[in-house]
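Quick note: the sequence shown uses my numbering, first residue 24, plus one each step. As structure tokens, the structure follows; a few thoughts come after it.
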Amino acid sequence: MPKQKTAQQWLQLIEQQALSGLSITDFCQQYNLSTKSFYYHRAKHHKKKAPQKSQSSFVAAQPAVPAPVSQPPLLQLKHGQSTVLLPSTTDTLWLAALLKALS
């Protein structure tokens, strides 16, 4: 009657097979193991090794505080009674055309 292997022995065999480069079938034939038993103990080992469902790898992200948006400085054009405020990023060609039209 064949001797039963301990959980530690199965763990060693599973690790040895992974390092051997042999397929599970070839490894089991070489060591006179039942492939069915090997798969059973390997699945049992992986199930123990897997994290518990209560332990989640989800990490709650904290929203970043948005940086205050700085406004570009404004250009103030006065012509008679009118005042025009334009961002300093206004296209120079458009600004030149505006000044020409106002003069």
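Positions of the beta carbon are idealized from the N, C-alpha and C atoms, including for glycine. Just so we're clear, the structure is a prediction, and the values are computed from it rather than from any experiment.
Just tell me which of the options has its CA closest to the CA of residue i.
{"i": "T112", "options": "K71, Q104, Q94, L122", "result": "Q94"}
{"i": "T106", "options": "V92, D114, L125", "result": "L125"}
{"i": "K70", "options": "W117, A83, L34", "result": "L34"}
{"i": "T29", "options": "L100, S60, F50, L45", "result": "S60"}
Please classify residue i as buried or exposed, where buried requires at least 16 neighbouring CB atoms within 10 angstroms.
{"i": "Q53", "result": "exposed"}
{"i": "H102", "result": "exposed"}
{"i": "Q40", "result": "buried"}
{"i": "L98", "result": "exposed"}
{"i": "L131", "result": "Lying before the first or after the last residue shown, residue 131 is absent from the chain, which here runs from 24 to 126."}
{"i": "C51", "result": "buried"}
Pull up the distance between the alpha-carbon of residue i and that of residue j, whole angstroms please.
{"i": "P89", "j": "F81", "result": "24 Å"}
{"i": "Q85", "j": "H64", "result": "42 Å"}
{"i": "L122", "j": "P91", "result": "33 Å"}
{"i": "T115", "j": "L109", "result": "11 Å"}
{"i": "E31", "j": "A87", "result": "The residue you asked about is not Glu; residue 31 is Gln in the sequence shown. Cα-Cα distance, rounded: 48 Å."}
{"i": "Y62", "j": "K26", "result": "18 Å"}
{"i": "S57", "j": "K67", "result": "15 Å"}
{"i": "E38", "j": "I47", "result": "11 Å"}
{"i": "L42", "j": "D49", "result": "13 Å"}
{"i": "N55", "j": "L45", "result": "14 Å"}
{"i": "A128", "j": "P96", "result": "Any answer about residue 128 is impossible in this case: the structure gives the chain only from 24 up to 126."}
{"i": "L100", "j": "A83", "result": "50 Å"}
{"i": "Q104", "j": "L118", "result": "19 Å"}
Report the residue ranges of all beta strand (DSSP E) runs contained in full by the segment 83-123; include only those spanning at least 3 residues, in chain order.
The qualifying runs are 97-102, 105-110.
Segments of 4+ residues assigned as alpha helix (DSSP H) that fall wholly inside the segment 33-58:
DSSP runs (the alpha helix (DSSP H)) wholly in the segment 33-58: 47-53.
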